[in-house]
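So the first sequence is numbered by this note's numbering: it starts at 21 and just counts up by one. For reference, the structure is listed below as structure tokens.
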Amino acid sequence: MSDPQTKLDGSSSEEKQDTEAIKIPTTARERDELDDLFDDFVSKKSIFINKDVLSIRHVPKIIPHRGEHIKKLGMILAPALRNDRPSNIFVYGKTGTGKTLCVLHTLNRIVERVKGTDSALRFAYLNCKLKKVADTEYRVIASLAKELGAKVPVTGLPTDEVYNIFLKKLDEQEQVVILVLDEIDRLVKKTGDEILYSLTRINSELKKSKLCLIGISNDVRFIENIDPRVKSSLGEEELIFPPYNALELKDILSERATSAFVEDSIHPAVLPKCAAYAAKEHGDARRALDLLRVAGEVAERAAAEEVKMDHIREAEDKIEKNRILELVKTLPNQSKLLIYSIFLLSKNKTDKLITGEIYQTYAELCKVNDNSILTQRRISDLISELDMLGLINARVISKGRHGRTREIYSTIPTDLTEIISEDLRGELRL
DNA sequence: AGGTATTCACATGAAACTATTCTCTGAGTTAGG
DNA sequence: TAACTCAGAGAATAGTTTCATGTGAATACCTGT
21 MSDPQTKLDG SSSEEKQDTE AIKIPTTARE RDELDDLFDD FVSKKSIFIN KDVLSIRHVP
81 KIIPHRGEHI KKLGMILAPA LRNDRPSNIF VYGKTGTGKT LCVLHTLNRI VERVKGTDSA
141 LRFAYLNCKL KKVADTEYRV IASLAKELGA KVPVTGLPTD EVYNIFLKKL DEQEQVVILV
201 LDEIDRLVKK TGDEILYSLT RINSELKKSK LCLIGISNDV RFIENIDPRV KSSLGEEELI
261 FPPYNALELK DILSERATSA FVEDSIHPAV LPKCAAYAAK EHGDARRALD LLRVAGEVAE
321 RAAAEEVKMD HIREAEDKIE KNRILELVKT LPNQSKLLIY SIFLLSKNKT DKLITGEIYQ
381 TYAELCKVND NSILTQRRIS DLISELDMLG LINARVISKG RHGRTREIYS TIPTDLTEII
441 SEDLRGELRL
């Protein structure tokens, strides 16, 4: 999959089968533009060697500028090698600072080390952000139990029953189990800290096995307002991941770029530019990698042999547009109607809009679309939400005798509003 | 001219209501001993 | 008989509505010069 050569081979043979299946004799067809395009693509050298290296899921062998952290993690977790319980760890850092990466890397290495010996050690990783998987107490415990190989029904059992199943499975054999709870702050925000309390207390109920918890959070204030008992036991060891600065980001990028791109296919100014862009956004390595990947794709599509600054600029634009598009797509229907009315109004009007006229347009749209009309009170809240998302700009002003209202204008570039409007029109049957 | 009161058009808060999702329970079903 | 499945009840939650109160400055009105 990762090797472009095999990928191309695979798809071309598939294509052949397909054409045979629907019985279009290739010889009878005139060569057309598409054939040329495919030929071009196949014959041309790709500037990528392995694009997967730039994806978020990729776990690289070398993690630059996190040596200290990995070492510390290793030191804390090392007792597991001797079948002792390592201290619980609380890991904190903003998104894209390499928390998850370092933890998984260290755990993989430990498991690798244990392989072949008789000490039993395993780890389970759970991302609490994922809806429908780990966003309630029941689901977390059920997922954990599943990770350990127990069968748990999706619903129908009392929580403590699932808890018992989990406990039983855990205590089946003599082993050290390391539990990684990623984005633990979300879990606690949604369900409270009871699970954490029971998980931190679980060791006293276990006879054979030992459990070690690693909590990963994006939010440092999170640890301040949880149950002090949980706090002290989860935070036996704490590890803070500071954001990367531009120089470190550049190192990370060049590290990955060497295995992702063909040699000499990146203009020297490109990596610093990517790094600077991400450093601006609180040192998020994810962003930097994303930008580089998209820039590479842009360059490849433009048949360039080198990723240049122009490609970066285009990629930046593209990523931003994608972000907005995704954001709008995931909005609830009522908000979509609202934003569509804002687009409609701002098309015919140059100056700023106010809540009242938006509400009117929205109400009419609802009628046409056979949708229930929300109250102005609610719309007022929805407008604030759109403002927080950065889709519109709104501020409260007082117009004296003419009352107090919000001044609103869309911050989305006009060419994008056209695209979104088209989408919405189709989706909302307007 | 200067000061005060009014007024507009919503903003903002709190409480109440509603629909949906979770969790729990008990009853029915199934499979294996 | 244990394990599983499932429907229904109650609890929790998110989304909304209703009602009440707050807000800031343009404007209307008043007062004294």
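We put the beta carbon where it would ideally sit given N, CA and C, even for glycine.
If you compare alpha carbons, which of Asn353, Asn391, Ile344 is closest to Leu409? When the alpha-carbon of Leu409 is set against those of Asn353, Asn391, Ile344, the nearest one is in Ile344.
What is the C-beta distance between Ile83 and Gly118, in whole angstroms, given that I count them as a contact (C-beta under 8 Å)? 6 Å
What separation, rounded to the nearest whole angstrom, lies between the Cα atoms of Ile16 and Thr120? Any question about residue 16 goes unanswered here, given that the chain covers just 21 to 450.
Local Cβ density within 10 Å of Pro352, reported as buried at 16 or more and exposed below that: exposed
Could you check what DSSP says for Glu301 in three-state terms: helix, strand or coil? coil
Could you have a look at Thr120 and say whether DSSP puts it in helix, strand or coil? Helix at Thr120.
Just the Cα atoms here: how many angstroms apart are Lys270 and Leu127? 26 Å
Straight-line CA distance for Arg415 to Leu201? 39 Å
Complete alpha helix (DSSP H) runs within the segment 187-250 (minimum length 4 residues, chain order): With a minimum length of 4 residues, the continuous alpha helix (DSSP H) runs that stay inside the segment 187-250 are 204-211, 214-221.
Three-state secondary structure assigned by DSSP to Thr425: strand
Continuous alpha helix (DSSP H) stretch holding Phe61: start and end: Start and end: 53-63.
Proximity below 8 Å, CB of Ser366 to CB of Tyr429: yes
Would you report the Cα separation of Leu448 and Glu340, rounded to the nearest angstrom? 24 Å
Would you decide whether Lys387 is buried or exposed? Buried here means 16 or more other CB atoms lie within 10 Å of its CB. exposed
Closest to Arg424 by CA distance: which of Lys91, Ser400, Glu438, Pro433 is it? Ser400
On the CB-based measure, 16 or more other CB atoms within 10 Å of its CB, does Gln380 come out buried or exposed? exposed
With a threshold of 7 Å on Cβ separation, who are the neighbours of Ile393 within its own chain once the five nearest residues in sequence on each side are excluded? Ala383, Cys386
If we call anything under 8 Å between Cβ atoms a contact, is Gly89 one with Leu273? Here residue 89 turns out to be His, not Gly, going by the sequence shown. Not a contact, by the Cβ cut-off of 8 Å.
Distance, Leu402 Cα to Thr220 Cα: 39 Å
Would a C-beta distance cut-off of 8 Å place Val196 and Ala100 closer than the cut-off? yes
In three-state DSSP terms, what is Arg397? helix
Is the distance from the Cβ of Val282 to the Cβ of Ile440 below 8 Å? No; because the gap between Cβ atoms is not below 8 Å, this pair is not in contact.
Tell me where the beta strand (DSSP E) around Gly113 begins and ends. 109-113
Three-state secondary structure (DSSP) of Ser279: In the structure shown, Ser279 falls within a helical segment according to DSSP collapsed to helix, strand and coil.
Do Ser229 and Glu275 have their C-beta atoms within less than 8 Å of each other? no
Through-space distance from Ile417 to Leu168, alpha-carbon basis: 57 Å
Mapping the DSSP letters down to three states, classify Asn413 as helix, strand or coil. strand
Once you ignore the five residues that flank Leu254 on each side, which residues in its own chain have a CB closer than 7 Å to its CB? Asn108, Phe110, Leu216, Thr220, Leu233, Gly235
With 16 other Cβ atoms within 10 Å as the buried cut-off, status of Lys188: exposed
Decide if Thr437 is buried, meaning its Cβ has at least 16 other Cβ atoms within 10 Å, or exposed. Buried.
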